[in-house]
Ligand code: CLF
Ligand code: SF4
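Numbering (my numbering), first residue to last: 344 to 826.
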């Protein structure tokens with residue numbers, strides 16, 4: 344374990360239950376304050392475009408467009424589009440009509456549903472007829488839902504007017520390189536104007552088309568998120584330049600996502616032994632991108648048929664034909680949920696504002712905390728039930744969410760296996776504290792033996808509140824220790 348940034352012993356001295364009082368300057372209101380009101384209105388309920396929204400609002404993907412016009416070295420066509428989705432996953436393929444019926448069925452059961460996206464399995468824009476029909480049907484049935492589209496961008500330019508007319512306000516383009524020599528290492532070929540292109544010619548054409556699409560979308564006030572797959576040894580050093588470039592072209596958000604690579608995925612990179620980055624390497628590249636386009640750090644690399652809150656998918660609940668597709672739709676539950684979210688957000692913002700003042704007076708180095716949360720922006724999950732940990736950083740500037748780390752769900756009587764716990768410990772080498780609602784004795788012992796500090800809080804405080812309280816406790820403990 345690397346050296347912690349603060350004397351950890353001081354935290355053991357003063358840990359108290361987190362009181363509902365503290366949060367830094369990076370809570371939900373800080374995110375809203377950083378954007379013009381008209382842009383905040385477009386993103387505040389989008390779980391990917393607003394970090395604060397992902398605790399409250401769900402997205403749903405429908406897999407309707409399986410064809411693709413390029414080859415990425417991290418993709419195996421048997422599976423979903425790895426530009427937006429987790430590799431090695433096969434999603435349920437739907438017709439546009441079945442997809443729209445499923446959206447209605449999900450919206451009926453999931454009041455959190457705010458966004459419908461098409462993100463693979465192939466390129467959603469290359470197969471434009473199916474994508475367009477699907478979005479038109481969804482728009483007709485549930486006009487309040489936000490429509491979202493993800494693409495490699497090669498065939499996008501011809502469809503930007505359609506995209507604007509359909510009211511698709513959020514588009515993701517995957518841009519992995521702005522240097523054709525690097526692009527050629529990622530894309531063995533593209534299919535464009537009825538022929539196959541390879542090498543740097545292919546990368547050059549792809550980039551030119553992506554940039555033209557990006558500019559055309561921005562000109563129509565469509566918010567563009569750029570995804571970049573971080574491929575160690577290929578584009579890791581290059582991504583800060585990509586970040587600055589896409590910002591200059593008007594991208595709203597940049598999502599640097601880790602390559603997920605394994606030989607069993609059957610991808611070129613997987614078979615060549617190109618590995619994915621560690622959590623720490625990903626964080627370092629994201630940090631190096633500071634100053635350019637806004638960074639998304641909460642991406643979960645969803646399935647192409649994902650349903651639910653980010654990190655809490657529910658596709659098995661909705662597999663197969665929806666039984667209630669033609670039943671009357673009750674909008675009240677969805678409206679009630681949004682009212683509840685407004686109250687909850689206001690409450691969280693009030694706590695954040697109150698705590699920001701207190702945090703600013705703490706003269707201690709930055710502190711990273713791994714938090715177990717299952718939504719709502721609260722510490723409300725047992726360690727043994729967590730499949731991922733939210734990483735926050737606290738300093739005098741407040742509480743910031745800086746990423747998440749996947750861990751295995753090892754809750755079998757809160758025992759866990761040694762290998763699973765080792766994997767969890769490995770992703771926390773730069774994070775000294777775990778904050779959870781509860782933890783079993785076996786994982787507690789293992790994590791503590793690795794030097795981690797475990798803090799339990801079963802009062803479901805806001806993440807920011809609890810994190811800021813721990814930071815303040817650190818100061819109190821340090822002062823007590825030094826007399
Ligand atoms: Fe889907 Fe993508 Fe729209 Fe979100 S996902 S099409 S922008 S609604 Fe989000 Fe999932 Fe990451 Fe994509 S967490 S993989 S960024
Ligand atoms: Fe695969 Fe998506 Fe790349 Fe097409 S664009 S090759 S589906 S990762």
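We put the beta carbon where it would ideally sit given N, CA and C, even for glycine.
From the DSSP output, read off the bridge partner residues of residue i.
{"i": "residue 639", "result": "598"}
{"i": "residue 401", "result": "456"}
{"i": "residue 571", "result": "599"}
{"i": "residue 710", "result": "737"}
{"i": "residue 534", "result": "539"}
{"i": "residue 406", "result": "436"}
{"i": "residue 805", "result": "721"}
{"i": "residue 610", "result": "Answer is none; residue 610 lacks a bridge partner."}
{"i": "residue 632", "result": "Its beta-bridge partners do not exist; DSSP assigns none."}
{"i": "residue 514", "result": "492 and 567"}
Does the distance from the CB of residue i to the CB of residue j come in under 8 Å?
{"i": "residue 768", "j": "residue 798", "result": "no"}
{"i": "residue 583", "j": "residue 619", "result": "no"}
{"i": "residue 720", "j": "residue 599", "result": "no"}
{"i": "residue 638", "j": "residue 390", "result": "no"}
{"i": "residue 468", "j": "residue 442", "result": "no"}
{"i": "residue 532", "j": "residue 545", "result": "yes"}
{"i": "residue 744", "j": "residue 597", "result": "no"}
{"i": "residue 410", "j": "residue 434", "result": "no"}
{"i": "residue 464", "j": "residue 647", "result": "yes"}
{"i": "residue 500", "j": "residue 559", "result": "yes"}
{"i": "residue 552", "j": "residue 496", "result": "yes"}
{"i": "residue 417", "j": "residue 408", "result": "no"}
{"i": "residue 398", "j": "residue 388", "result": "no"}
{"i": "residue 528", "j": "residue 577", "result": "yes"}
{"i": "residue 764", "j": "residue 786", "result": "yes"}
Who are the Cβ neighbours of residue i in its own chain at under 6 Å, not counting the five residues just before and after it?
{"i": "residue 446", "result": "459 and 481"}
{"i": "residue 386", "result": "392 and 393"}
{"i": "residue 813", "result": "none"}
{"i": "residue 731", "result": "654, 747 and 749"}
{"i": "residue 631", "result": "583"}
Answer yes or no: the CB of residue i versus the heavy atoms of ligand 2, is any distance below 7 Å?
{"i": "residue 529", "result": "no"}
{"i": "residue 648", "result": "no"}
{"i": "residue 739", "result": "no"}
{"i": "residue 391", "result": "no"}
{"i": "residue 414", "result": "yes"}
{"i": "residue 715", "result": "no"}
Please indicate yes or no: does the CB of residue i lie closer than 7 Å to some heavy atom of ligand 1?
{"i": "residue 517", "result": "no"}
{"i": "residue 434", "result": "no"}
Which residues bound the alpha helix (DSSP H) around residue i?
{"i": "residue 790", "result": "784-792"}
{"i": "residue 473", "result": "471-484"}
{"i": "residue 736", "result": "From DSSP, residue 736 is part of no alpha helix (DSSP H) but of the beta strand (DSSP E) over 731-738."}
{"i": "residue 496", "result": "Looking at the DSSP string, residue 496 is not in any alpha helix (DSSP H), and its letter there is neither H nor E."}
First and last residue of the beta strand (DSSP E) that includes residue i?
{"i": "residue 527", "result": "Run containing residue 527: none in the beta strand (DSSP E); it sits in the alpha helix (DSSP H), 523-529."}
{"i": "residue 746", "result": "741-749"}
{"i": "residue 796", "result": "796-799"}
{"i": "residue 776", "result": "776-779"}
Taking 7 Å as the limit between beta carbons, can you name the residues of its chain near residue i, skipping five residues before and five after?
{"i": "residue 680", "result": "454 and 455"}
{"i": "residue 555", "result": "500"}
{"i": "residue 573", "result": "579, 582, 599, 600, 601, 602, 620, 625 and 628"}
{"i": "residue 703", "result": "739"}
Could you check if residue i belongs to the surroundings of ligand 4, using beta carbon to heavy atom distance under 7 Å?
{"i": "residue 418", "result": "Judged by which ligands are present, ligand 4 is missing from the structure shown, whose ligands are ligand 1 and ligand 2."}
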